[in-house]
Structures are given as structure tokens and as C-alpha cells.
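Chemist: Next up is a structure, given as C-alpha cells.
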DNA sequence: CTTGACCTTCCAGTGACTGGAACCCTTATG
DNA sequence: CATAAGGGTTCCAGTCACTGGAAGGTCAAG
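Residue numbers (my numbering), protein chains in the order written: chain A, 1 to 128; chain B, 1001 to 1128.
Now the structure itself:
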């Protein structure tokens, strides 16, 4: 399987797949002409990575998760720890965004949005 | 006012203030010894920027907002347009994070987190 | 034989800083 | 007067996870 097929089946851009090889997440072999060749295993890993990334795991966490996946004698506690840390990070971000949303929503609501210069949004920014 | 005083009053790191000068958001003058000197106006701009950034506006939007703030003949509609676009972006991110949170929360909940290898989190990542 | 679609590597850029090195200026102290 | 501490300065590199683009090799079809 060459890179564009893999790109199609995994949904990952070819550039991203090359990048994952560069940072050592996958190790495709090479054909005689220098083209990357992807085994079932590599494609499987890439699907794993795509899924983990879509859940927002940082690439380095994905590396750890892949290693745990490969380790038959892993403890599920180790996996859960990574996932819980990520969950906390997500919650932190949601809280931050929600606070922004609330404030900004109020400001936008209060702004007439017409041709006059008077603007509560700018007023808030200027006066805190 | 020198940079560390400004840093203290605005809450912005000195590095960030220098960066804002570099990209042309502020233009402090210089004392004879080369030190930056900040007027009331510059400090006010920095407070504006700090507030806008804390609401998550990208730096380029902050530049536009500052320009509108300076323009006495602005239309509040122009401000509102920027704010609404940002609001949509925030909502998009919240939706994305919430979807992640829901999925990941379920997986974490289903994982025993003990010394056994069996793990629904890895299972999900491997099987989509 | 050429065309077009593949593939390769390498370099630069993204956003918004942040860390660190190397060096200058000012003031207080021994 | 020397020096040390605590300001300030510039410039370069690194962050994260790609992404765009240039320059060029490879391959199958017509």
C-alpha cells in the first residue's frame, strides 16, 4: 500500500503520515524505488493515531498510548491515567472558552451593530 | 514608565510587550539609554490588548479592534462583526471539545483502571 | 516520447509567545 | 574604584502539529 492509498483509508493527509514517520510513530518500509510501503500493521497504527488525535490527545500522548497498546502486559490504569489527564485538560479548556463565550455573548448582545460609533464591546475592552 | 512597571500594571510579561512592539501593535518611545518608555496611551493600549487577548481574540483581530477604537468615526457594526466571528469560532471549539469530552468521559468511565491489561479505551482507539 | 499523476526530500511558515545567551546601564556597597 | 545586583537591550531557537511549496525522481497510459 502506498501513501495516497493509506491517506485515503485513514483520512490522514500524506504530509501528516510522513510527519508521523519523521517523529518515529510509524516505520513504513521502502520499496526499491524509494516509495513508502505500508503494511496492515502500519495502517492499523495510523488509524489508531487518527482516532486518538481526533479525541484531542497530544501527539506525545498518542505515542504513549500506542506503546501501551503494543504492550500485552500493560495495566489499564496506565491508559486511564493518560486519558484522565487529557480529560482534565479538555475540561479546563471548555471552562475557559465558556467564560469567554459568556462575556463576549453579553457584549455582542449589547452592541447595536449599526453605523454609530458607540460600542459597548470597545468600551469593555478599554475599561476592563 | 519602564517595561517592568508596565508588565506589573498590565499583567503582560515583558517578553510579550516587546513582541507587541515588534509586530507594530504599540510604539513606545526610547530613553537616551535605549530603554523603552511607555506613555499613558501605550499602557492603555496594552491593557486593551490584554483584555482582548483574554477574551480569546487573535492578535490580528486585536489589531483591528485597536484601530476601530482609535477611529472616532467607526461604525459599531464593524466591531460587532469581528466579535461575532470570534464568538462563532469559540462556539465551534466548545462543540468540538464537548464532543471529545463526551466520548472520552464514557471511555474513562468504562475503564477499570487496575493492573489488568483489558482496556476499553485502547479498544476504542484500535477499532474506532 | 510525452504527459500526468504519483512519489521523494528539504525548507519555510503558522500563532503567540517563551527561554536563554550575551551584553549594556544604573545604583549601592565594600 | 571595583564590583555585584538588578534593571534593561538584542537576537536566536524552540514550542505544537502540521502545512505549503519548490525541485526533482518514478511510473503507467496513450
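We put the CB at the ideal spot given by N, CA and C, even for glycine.
Does the Cβ of residue 1015 (chain B) have 16 or more other Cβ atoms within 10 Å, making it buried, or fewer, making it exposed?
Modeler: Exposed, since its Cβ has fewer than 16 Cβ neighbours within 10 Å.
Chemist: To the nearest angstrom, report how far apart residue 116 (chain A) and residue 96 (chain A) are at their CA atoms.
Modeler: 32 Å
Chemist: Between residue 1107 (chain B) and residue 1120 (chain B), is the Cβ-Cβ spacing less than 8 Å?
Modeler: yes
Chemist: Compare the C-beta of residue 117 (chain A) against all C-beta atoms of chain B and say whether one is closer than 8 Å.
Modeler: yes
Chemist: Measure from the C-beta of residue 1 (chain A) to each C-beta in chain B and report whether the shortest distance is under 8 Å.
Modeler: Output row for residue 1 (chain A): interface = no.
Chemist: Under 8 Å, with one C-beta from each stretch per pair, do the segment 1021–1033 of chain B and the segment 1056–1075 of chain B reach the 3-pair mark?
Modeler: yes
Chemist: Could you check whether the segment 30–48 of chain A touches the segment 82–98 of chain A, counting it as contact only if at least three pairs of C-beta atoms, one from each stretch, sit closer than 8 Å?
Modeler: no
Chemist: Using a threshold of 8 Å, state whether the C-beta atoms of residue 101 (chain A) and residue 1091 (chain B) are closer than that.
Modeler: Taking the C-beta atoms as reference points, residue 1091 (chain B) is found nearer than 8 Å to residue 101 (chain A).
Chemist: Once you ignore the five residues that flank residue 1074 (chain B) on each side, which residues in its own chain have a CB closer than 7 Å to its CB?
Modeler: 1068
Chemist: Tell me, to the nearest whole angstrom, how far the beta carbon of residue 1114 (chain B) is from that of residue 52 (chain A); I am working on the premise that it is less than 8 Å.
Modeler: Actually they are not in contact, since the Cβ atoms of residue 1114 (chain B) and residue 52 (chain A) sit about 22 Å apart, beyond 8 Å.
Chemist: Could you please tell me which residues of the segment 48–71 of chain A, in chain order, have their CB closer than 7 Å to any CB of chain B?
Modeler: 48, 51, 52, 55, 56, 65, 68 and 69
Chemist: DSSP state of residue 1036 (chain B), grouped into three classes?
Modeler: Three-state result, residue 1036 (chain B): strand.
Chemist: In this structure, does DSSP put residue 53 (chain A) in helix, strand or coil?
Modeler: helix
Chemist: What does the alpha-carbon distance come out to for the pair residue 71 (chain A) and residue 83 (chain A)?
Modeler: 17 Å
Chemist: Would residue 19 (chain A) be called buried (16 or more neighbouring beta carbons within 10 Å of its own) or exposed?
Modeler: exposed
Chemist: Among A:123, A:99 and A:98, which one has its Cα closest to the Cα of residue 110 (chain A)?
Modeler: A:123
Chemist: What's the gap between the Cα of residue 1038 (chain B) and the Cα of residue 1006 (chain B)?
Modeler: Roughly 7 Å separates the two Cα atoms.
Chemist: Count the other C-beta atoms from every protein chain shown that fall within 10 angstroms of the C-beta of residue 1042 (chain B), then say buried if there are 16 or more, exposed otherwise.
Modeler: buried
Chemist: With DSSP collapsed to three states, give me the class of residue 116 (chain A).
Modeler: coil
Chemist: Exposed or buried, which one is residue 9 (chain A) when buried takes at least 16 other CB atoms within 10 Å?
Modeler: When all chains shown are included, residue 9 (chain A) counts as exposed.
Chemist: Pull the bridge partners of residue 1030 (chain B) from the DSSP assignment, please.
Modeler: B:1036
Chemist: At what residues does the alpha helix (DSSP H) containing residue 23 (chain A) begin and finish?
Modeler: For residue 23 (chain A), no alpha helix (DSSP H) run applies, since DSSP gives it neither H nor E.
Chemist: Tell me whether residue 1061 (chain B) sits in a helix, a strand or coil according to DSSP, three-state version.
Modeler: helix
Chemist: If you reduce the DSSP assignment to three classes, tell me which class residue 105 (chain A) lands in.
Modeler: helix
Chemist: Return the chain-ordered list of same chain residues with a C-beta closer than 6 Å to the C-beta of residue 1031 (chain B), the five sequence neighbours on each side being excluded.
Modeler: 1037
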